[in-house]
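Have a look at the structure below before the remarks.
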Amino acid sequence: MATKSFSVLIVIALLMFGVVNVMAHHGLAAYDMSKTISVRGVIEKALYENPHGYIWLRVDEKVYYIELAALERMQNAGLTKEMLAPGAIATVIGAPHRTDPLQMKTRRIVIDGKNIDFGQGVPATLVQQKAAAVSDLPKSTVEQMPKQVGQGWLLWLESSSISEAMRERRLLYPSVEIIHILGIIILVGTATLFDLRLLGLLRQLSVAQLSRYVLPLARISVLAVVPAGILMFMANATALAGNPVFRLKLILLVAALLNALVFHKWTGRKVETWGAGTGAPIGAKVSAVLSLVIWVSVISCGRLLAFF
Ligand code: HEM
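The numbering of the sequence shown is this note's numbering, which starts it at 611 and goes up by one.
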């Protein structure tokens, strides 16, 4: 009976984490998708890569920083790297950023005589735009572009062949991200189940048994989560290293590790003697609360990376 309810609980926990993550995916919340703006200018610089392509588009004295789409989507829509060469003229129709007037998300890019849509619906009033002559536009404002920050080793990491493959191979980044998420589902799902038991829920389950089944699974999942995270980090090392949310995530990961060590060395060292119906001591309960708070925070930071 205990084994059956245990299996059901694991399945529920895993599904809950999976559903929450899938629902949370896609970073459109940074943009006001109810509004549409249109800008026309000269491409100063382009990034044709995963997880998102970008262009810096000079319009009069301003340079817009414009998100395109994932590599796979750009390729499927017929947008090639060559079309985004510096000097090309483009019209971009899309959603404005909620806080930065010089950022936007593309719905349609009109370039090289083609309309290229990223499938989010373009209002009929903004359909075909004529290209401007390059001479109509003021001279380059490249110096206004966000500068690449980063120490030597970050730049070296970012220009390695693995990082390049992560950015440029169509399905590599998304596949690695899926592995990251699957690992998170198992890691955080199993940790949560164990923490809830320590806190007194599911008392019919033996803590000792639970730790024997669940904790090895959690450890194995780290072998998926961490390498996948490092690979995604390598793809954009300079930007991520300077990102406060990413730094916070790393600090929280260290905190999770320390919390687990404290549990295994002190607060939970007698776990083998806690059978069905036994309550956990207060120290173990504190470890459980900390673990729940830390994992929710790590997941939140991971998801918020796309917005900061
Ligand atoms: C072990 C616990 C970890 C958890 C719970 C976690 C959680 C997350 C979550 C929820 C996401 C968002 C996924 C998505 O939106 O599709 C994410 C993305 C990411 N994580 Fe982790 N992560 C962990 C470890 C790591 C490690 C160790 C690194 C690197 C050193 C890392 C680097 C990244 C990167 C680079 C992204 C991609 C951000 C983006 O593409 O927007 N993660 N993580």
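From the three backbone atoms N, C-alpha and C, an ideal C-beta is built for every residue, glycine too.
None of the values given here were measured: they were computed from a predicted structure.
- Taken from the Cβ of Val896, every heavy atom of the ligand HEM lies 7 Å or farther away.
- The beta carbon of Gly688 sits closer than 7 Å to the beta carbons of Lys724 and Ile726 from its chain, once the five residues preceding and following it are set aside; these are given in chain order.
- Collapsing the DSSP output to three states places Thr716 in a strand.
- In this structure, Ile665 sits near Ile653, with a CB-CB distance shorter than 8 Å.
- Ala695 counts as exposed, since fewer than 16 other C-beta atoms from the protein chains shown sit within 10 angstroms of its C-beta.
- Remark: C-beta atoms of Gly878 and Ala894 approach each other more closely than 8 Å.
- Residue state for Thr883 is assigned as helix, using DSSP reduced to three classes.
- Nearest in C-alpha terms to His662, of all of Glu677, Ala801, Val649 and Arg650, is Glu677.
- Remark: three or more beta-carbon pairs, one from each stretch, lie closer than 8 Å, so the stretch 818-827 and the stretch 871-889 are flagged as touching.
- By the neighbour-count definition (other C-beta atoms within 10 Å, threshold 16), Phe918 is an exposed residue.
- The C-alpha of Leu667 is placed about 10 Å away from the C-alpha of Gln713.
- Annotation for Phe918 indicates a beta carbon at 7 Å or more from all heavy atoms of the ligand HEM.
- In the structure shown, Asp805 adopts helical secondary structure according to DSSP, grouped into three states.
- By the Cβ criterion, the stretch 831-839 is not in contact with the stretch 765-775, since fewer than three pairs of Cβ atoms, one from each stretch, lie closer than 8 Å.
- Ranked by Cα distance from Ala845, the options Ile703, Tyr674, Val702 and Pro784 are led by Pro784.
- Cβ-Cβ distances below 7 Å link Leu902 to Thr802 and Asp805 in the same chain, with the five nearest sequence neighbours on each side left out; the list follows chain order.
- Take Arg708, set aside five residues on each side of it, and the residues of its chain with a beta-carbon closer than 7 Å to its own are Ala640, Tyr641 and Asp642, in chain order.
- Just so you know, the alpha carbons of Arg813 and Ile791 end up roughly 29 Å apart.
- DSSP places His790 within a helical segment (H, G or I) once states are collapsed to three.
- In terms of Cβ geometry, Leu915 and Val864 do not form a close pair [threshold 8 Å].
- Cα atoms of Met684 and Glu659: separation of roughly 9 Å, rounded to the nearest angstrom.
- Residues of the same chain with a CB within less than 8 Å of the CB of Val872, apart from the 5 flanking positions on each side, are Ser897 in chain order.
- Going by DSSP, Ser773 is part of the alpha helix (DSSP H) stretching over Ser771 to Glu778.
- Membership of Lys859 in the alpha helix (DSSP H) is indicated by the continuous run Pro854 to Val872.
- If you compare the alpha carbons of Ala656, Asn869, Lys691 and Leu681 with that of Tyr674, the shortest gap goes to Ala656.
- Per DSSP, the beta-bridge partners of Asp727 are Arg718.
- Closer than 7 Å to some heavy atom of the ligand HEM: that describes the Cβ of Ile840.
- Nearest to Ala680 by C-alpha distance, out of Ile909, Thr716 and Val669, is Thr716.
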